[in-house]
Ligand SMILES: Cc1cc2nc3c(=O)[nH]c(=O)nc-3n(C[C@H](O)[C@H](O)[C@H](O)COP(=O)(O)O)c2cc1C
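Residue numbers (the numbering used here): 0 to 205.
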């Protein structure tokens, strides 16, 4: 019997709920992932204030084989709705709800702070019990996108919207190979373009 498709949960942790930049990115991610997985989306900001967002979502988190967590950058950190969710999730640390499930992370920012948010959030997810697929963390920066529109060659090594394909592909692949009952198979990872020529070039003029 062929293995079932993995079930992935998209966690929109935007302060702007379904109206923000995060929602646009997750709608794209959903289309990319739907080819290889069943996909469910949750928007933390729309969980009723009377509920603990974590308790309200517990059964959906439990049923997921992997996660894509997305947030804006807010004063060098993730959103307050995500912070509340993580605080409420603490009793589930190291349980089957998270253990061994792959987690991808997408952060957006205006100009600065997003990489710190990405790295720290990946650290929290691993501490909860998740695994990180390769090249599954992305920071989309408004500043980088403006730079790319003016000088595409100079911005070639910056993260861009197309890299979301790599994040989604590697998340789906990690979920496929870790699915309970899956036949042992080597994962087929994807990579985004990497600058191997100019990365150490001096870019500040005299
Ligand atoms: C209160 C607030 C604080 C922000 N702080 C930062 C910041 O520290 N660094 C940055 O680059 N962008 C910052 N931004 C810009 C957001 O990270 C960016 O617009 C992001 O895409 C928002 O995602 P959303 O539309 O899903 O909420 C901030 C935005 C708001 C509303």
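In this text, a Cβ means the ideal position worked out from N, Cα and C, and glycines have one as well. Bear in mind that the values here come from a model prediction, so they are computed numbers and not experimental data.
Which partner residues of residue 108 appear in the DSSP bridge assignment? On the chain shown, position 109 is the one that residue 108 refers to. Residue 108 is bridged to 140.
Are the CB atoms of residue 163 and residue 28 nearer to each other than 8 Å? Locating residue 163 in the chain shown gives position 164, where the first residue counts as 1. Locating residue 28 in the chain shown gives position 29, where the first residue counts as 1. Yes, the Cβ-Cβ distance between residue 163 and residue 28 is below 8 Å.
Are the beta-carbon atoms of residue 166 and residue 69 separated by less than 8 Å? As a first step, residue 166 must be located in the chain shown, where it is residue number 167. As a first step, residue 69 must be located in the chain shown, where it is residue number 70. Not a contact, by the Cβ cut-off of 8 Å.
Any beta-carbon of chain D closer than 8 Å to the one on residue 17? Protein chain content of the structure displayed is limited to a single chain, and chain D is not contained in it.
Assumed close pair residue 56, residue 80 - CB separation to whole angstroms, cut-off 8 Å: Within the chain shown, the letter at position 57 stands for residue 56. Within the chain shown, the letter at position 81 stands for residue 80. That pair is no contact at about 12 Å.
With distances taken Cα to Cα, identify the nearest neighbour of residue 196 among 170, 175, 177, 155. Here residue 196 refers to the residue found at position 197 when the chain shown is read from its first residue. Minimum Cα distance to residue 196 is reached at 155.
Among 72, 67, 128, the one whose alpha carbon lies nearest that of residue 91: Position 92 of the chain shown, counted from the start, is the residue given in the question as residue 91. Of the listed residues, the one whose Cα sits closest to residue 91 is 128.
When you compare the segment 57–65 with the segment 116–123, are there three or more beta-carbon pairs, one atom per stretch, that lie closer than 8 Å? no
Exposed or buried, which one is residue 135 when buried takes at least 16 other CB atoms within 10 Å? As a first step, residue 135 must be located in the chain shown, where it is residue number 136. Buried, because 16 or more other Cβ atoms sit within 10 Å of the Cβ of residue 135.
Going by DSSP, what residues sit across from residue 145 in a beta bridge? On the chain shown, position 146 is the one that residue 145 refers to. Paired residue(s): none; residue 145 is not in a bridge.
Inter-stretch contact (C-beta, 8 Å, three-pair minimum) for the segment 97–113 and the segment 132–147: Counting Cβ pairs under 8 Å, three or more are found: they touch.
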